[in-house]
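In what follows, a single structure is set out as structure tokens and then discussed.
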Amino acid sequence: MTKKRNPISTESEWTFDHIQEYDHEIGRIAESFQLDTYPNQIEIISAEQMLDAYSSVGMPVGYNHWTYGKHFVATEQKYKRGHMGLAYEIVINSDPCIAYLMEENTMTMQALVIAHACYGHNSFFKGNYLFKTWTDASSIIDYLVFAKNYITHCEERYGIDEVENLLDSCHALMNYGVDRYKRPYPISAAEEKQRQQEREEYLQKQVNELWHTIPKLIDKDEPEQEIRYPNEPQENILYFIEKNAPLLDSWQREIVRIVRKIAQYFYPQRQTQVMNEGWATFWHYTLLNQLYDEGLVNDGFMMEFLQSHTSVVYQPPFDSPYYSGINPYALGFNMMRDIRRICEHPTAEDKEWFPDIAGSDWVKTLHFAMENFKDESFVQQFLSPTIIREFKLFSILDDDTKKDLEVTAIHDDHGYRVVREMLSQQYNLSMNEPNIQVYNVDIRGDRSLTLRHIQHNRRPLEKDSTLDVLKHLRNLWKFDVHLESHQQDELTETYHCSEEKTELDTPANDK
Amino acid sequence: MSYIVDRRLNGKNKSTVNRQRFLRRYKKNIKKAVEDAVTKRSITDIDSGEKVSIPKKDLSEPAFHHDKGGIRDMVHPGNKEFTTGDQIARPEGGAGSGSGEGQASDSGEGMDEFVFQISQDEFLEFLFDGLELPNLIKRQLRGIESFKYVRAGIVNDGTPAKLNIVRSMRQATSRRIALTAPSRRKIKNFQKEVDQIETQDPSMRDESRLLYLIEEIQKLKARIKKIPFIDDFDLRYNHHVKKPIPTSKAVMFCIMDVSGSMNQAMKDMGKRFFILLYMFLKRNYDKIEVVFIRHHTSAKEVDEEEFFYSRETGGTIVSSALKLMNEIMQERYPTSEWNIYGAQASDGDNWNDDSPACTKLLVDEILPYCQYFSYIEITPRRHQALWREYESIMESCDFFSMQQISDPSDIYPVFRELFQKKPA
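Laid out in structure tokens, this is it:
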């Protein structure tokens, strides 16, 4: 391209005018690629403020709790000693979409970050089905403000210790405070109604049949039928606590709800790491290259950008000292780019593997992929043999009954499908987290709560932390808590937590 | 459309509360670290922050997660030589990494210590937590000799220098509004009538009425003008009252025995004790001075350097130091202005005839003017002559105390013992 260069900026120092201009140009190009975004709110912050943002796990407003203090102390420590750099940006799934830019960044980095966060992540938040169904970008900031004020209010009324203790218990179960399968009602529209129902429900609970203490006459002749409560096992433990724990006060229920809501808000992010980062990286790469093609940035800019970009998408091999799992930026970026390649220049192999998308309009196809998948299904659907070869992926079977590890598949014709299946499962959160559900409450007896753990591939629970979590669960439930670990319908371990002690029974101990 | 906001000027200490919550929760660990630090640290850098380490296990937030074992499939990148079906020896230290990224570290397994820094202020906060200056209240009640003026609202009388212009003008404005209200209301009514008449056809006008009205309006306006813009009784003055303030200056007398029997290690212990005391007083008083007195057979006021590091030999006459302290007190530190603290360190050796003289000096001349006087005996051996002598004072006087230090690690506990908050 012989077009005359007319760069927006030539110096590495950024200015507000330049940021505005870059944003304008990047926005224009993004629109031409049909990126649909929330309005952007770009906030320039200092390194100290970035540290603050870090420790509140990216929530712009967070309630006070020691664990955030711990994060803060840890990051501050690491940062001050130079053990880590700070991220260039943090972006929040809200409407308008808030992106933090660090003042230390150079002009190039600011432009990169704007493309990455304000147009990449932003359009992902707005378009992906998980975010659409599970989060409400327009109300999250308000909700966080509400949560912070509510918890402060509770601290004033009931004491810091009391609230802290409750939050500790809720945090221990935070990963079990999300609905995985159930679709939620549209949050903001029905919110008011929901609130009101809840209040009614609470009043109702005062006379709830469930906790009737007058025993019913049981016909002795009739074979005693085992009634379980809840009828179906419940995956959302915190929800179950909020609605059913017998002795919680209404403010405690509200706090359980707050933790649950926040967990739910972050749940889509945990499920779409590869896609989200891959999408944002793909777009910053594409958008900035387009800027270059249009002559709006110079070679120096591109050199700096590419240097940073390549280090972000580097995938160290498994035997490298820097290896810590698959780099979601690398995998995501390469898969996104691969989809474009399959659309634009399909090979015979691509045509066989992806008959639907080979040769189609790449912008449309890529948007379709972004909107309708999560990491697990995205890998399952779009991981091509090309990528498997590029990454030289191989799968390993680790069976503790065998002496050695076994290589079950590599990047060859027999292996592609296996590797793809395995990698997809690796991103299945419900496989990585133990499958634990509320199974039964002894409503006629000692009100004890029983959880059931279904082992997958014989993988056991980590004992110490399980006992600790049960202590927290007991703290919420206020009656004894049991956890049964099942392996193919066979009970292998039972954890008990009562006021006096927590312990683990294995069948061997029982005998 | 994008908005670009500069947030750099917003507060950057959003995490302060969370940090405090964290410190609050681990108070016990931090306190222990601080106490250890005091006994181990070199003497001169007590005035800085401290590293605190907490076992990671105590900090962990538990969550359900998998243990090792069972069957796991993992996908890794960067295959070089493996083909399907290869058997690989299990790597040392568990079943490899991969699918459960970061799990192990999140769960707090592993016995690493979580190390972090607390600031100097926080360090001292923990160091002196639960300690108080004895006799502080008594002095505040007894010696009210200095005052400061504090604002106490607005009054009607005062000197011109204290005139409160805003309040005076407000008063004047409201007075004018109040006094002119009836006239202005009348003017308004008349004016309305005038306007009405003027819209009528000239031939229909009641000219006499019009004239009368205009005249009335003129009169009323003149009356309004006569009301003074500002009057004597509009004036308001700032009011101040005299408030007694407790003396916030303190002087600390450090008295140390430098006779031949005190070796460098003993003096070091003395110094640490004095530094602790100094830091502690500094947190309680705005201004603090230190007087160093050292003695063997005769006493001398010296500077810090000489106090701690120069060596002397000879016998010991403790009363010489007390005498000097008394003189300096009377000369430079009147009790009306100064809170006086005394700290004496000695190995307890004294000229036999001198001990009763010391007691007499202390009881008659020094203790009545002192806030607190502490004596530490630095000796690994049994109590010496001076201790037995002082024991009699101990019984009769509340704000005299003594302790024995035989080892550097004793210093901080002894210090705490001396200044422990006592139930009222």
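Residue numbers (the working numbering), protein chains in the order written: chain R, 13 to 523; chain C, 158 to 581. For glycine and all other residues, C-beta sits at the position ideal for the given N, C-alpha and C.
Three-state class that DSSP yields for residue i in the structure shown
i, result
"C:SER427", "Checking the sequence, you will find Gly at residue 427 of chain C rather than Ser. Helix, per DSSP."
"C:SER477", "helix"
"R:ILE102", "strand"
"R:THR420", "strand"
"R:HIS133", "helix"
"C:ALA150", "The question about residue 150 of chain C has no answer, for chain C in this structure spans 158 to 581."
"R:THR377", "helix"
"C:TRP508", "coil"
"C:TYR490", "coil"
"C:MET551", "helix"
"R:GLU512", "coil"
"C:SER503", "strand"
"C:TYR160", "strand"
"C:LYS596", "Given a span of 158 to 581 for chain C in the structure shown, any question on residue 596 of chain C remains unanswerable."
"C:TRP495", "strand"
"R:ALA111", "strand"
"C:PRO212", "strand"
"R:CYS355", "helix"
"C:CYS527", "coil"
Residue i to residue j span [Cα, whole Å]
i, j, result
"C:GLY471", "C:SER416", "5 Å"
"R:ILE354", "R:ASP501", "45 Å"
"R:ASP480", "R:ASN447", "17 Å"
"C:CYS527", "C:ILE485", "13 Å"
"C:ILE497", "C:PHE530", "9 Å"
"R:LEU473", "R:LEU300", "47 Å"
"R:GLY371", "R:TYR341", "25 Å"
"R:ALA149", "R:PHE345", "25 Å"
"C:ASN483", "C:SER549", "20 Å"
"C:ILE211", "R:LYS490", "30 Å"
"R:GLU210", "R:THR147", "20 Å"
"C:LEU377", "C:GLU350", "15 Å"
"C:LYS480", "C:PRO513", "13 Å"
"R:LEU142", "R:GLN285", "12 Å"
"C:SER325", "C:VAL398", "20 Å"
"R:ASP191", "R:MET315", "45 Å"
"C:SER340", "C:SER360", "31 Å"
"C:SER262", "C:PRO248", "Low local confidence applies: a pLDDT of 37 at C:SER262 is under 50, so the model's placement there is unreliable, and no value is given."
"C:GLU552", "C:ALA502", "20 Å"
"R:VAL103", "R:VAL125", "10 Å"
"R:ASP454", "R:GLN53", "52 Å"
"C:VAL543", "C:ARG451", "Looking at the sequence provided, one finds Leu at residue 543 of chain C rather than Val. Near 17 Å, if we compare the C-alpha coordinates of C:ARG451 and C:LEU543."
"R:THR322", "R:ARG17", "24 Å"
"R:ALA381", "C:ASP278", "55 Å"
"C:LEU288", "C:ASP564", "22 Å"
Beta-carbon proximity check, residue i vs residue j, cutoff 8 Å
i, j, result
"R:LEU435", "R:LEU395", "yes"
"R:ARG432", "R:VAL493", "no"
"R:GLN499", "R:ARG459", "no"
"R:ALA129", "R:ALA111", "yes"
"C:SER172", "R:ASP180", "no"
"R:THR478", "R:TYR507", "yes"
"C:LYS439", "C:PHE465", "no"
"C:THR473", "C:ASP506", "yes"
"C:TYR569", "C:VAL195", "yes"
Where the segment 204-231 of chain C meets chain R: residues whose CB sits under 8 Å from a CB there: LEU216, SER217, GLU218, PRO219, ALA220, PHE221, HIS222, HIS223, ASP224, LYS225, GLY226, GLY227, ILE228, ARG229, ASP230 and MET231
Anything in the segment 171-194 of chain R with a Cβ closer than 9 Å to a Cβ of chain C? List those residues in chain order, please. ILE172, GLU176, ASP180, HIS183, ALA184, LEU185, MET186, ASN187 and TYR188
When Cβ atoms are compared, which residues of the segment 462-477 of chain R fall closer than 9 Å to chain C? HIS465, GLN467, HIS468, ASN469, ARG470, ARG471, PRO472, LEU473, GLU474, LYS475, ASP476 and SER477
Between the segment 400-419 of chain R and chain C, which residues of the former have CB atoms less than 7 Å from a CB of the latter, in chain order? PHE403, LYS404, LEU405, PHE406, SER407, ILE408, LEU409, ASP410, ASP411, ASP412, ASP416, LEU417, GLU418 and VAL419
Just by C-beta distance, which residues in the segment 74-98 of chain R are closer than 9 Å to chain C? GLY74, ASN76, HIS77, TRP78, THR79, TYR80, GLY81, LYS82, HIS83, PHE84, VAL85, ALA86, GLU88, GLN89 and LYS92
Output needed in chain order: residues of the segment 148-168 of chain R with a Cβ under 8 Å from some Cβ in chain C. none
Evaluate the contact criterion for the segment 320-330 of chain R versus the segment 365-380 of chain R: three or more CB pairs, one atom per stretch, below 8 Å. no
For the segment 159-177 of chain C, list every residue whose C-beta sits within 8 Å of some C-beta in chain R, in sequence order. SER159, TYR160, ILE161, VAL162, ASP163, ARG164, ARG165, ASN167, LYS169, ASN170, LYS171, SER172, VAL174, ASN175, ARG176 and GLN177
Please list, in chain order, the residues of the segment 23-41 of chain R that have any C-beta partner in chain C closer than 9 Å. PHE28, ILE31, GLN32, ASP35, HIS36 and GLY39
Is there contact here, the segment 422-430 of chain R with the segment 395-413 of chain R, by at least three beta-carbon pairs under 8 Å? yes
Return the residues of the segment 421-438 of chain R that lie within a Cβ-Cβ distance of less than 8 Å from chain C, sorted by chain order. ALA421, ILE422, HIS423, ASP424, HIS426, GLY427, VAL431, MET434, LEU435, GLN437 and GLN438
With contact counted as at least three CB pairs below 8 Å, one residue from each stretch, are the segment 242-250 of chain R and the segment 157-164 of chain R in contact? no
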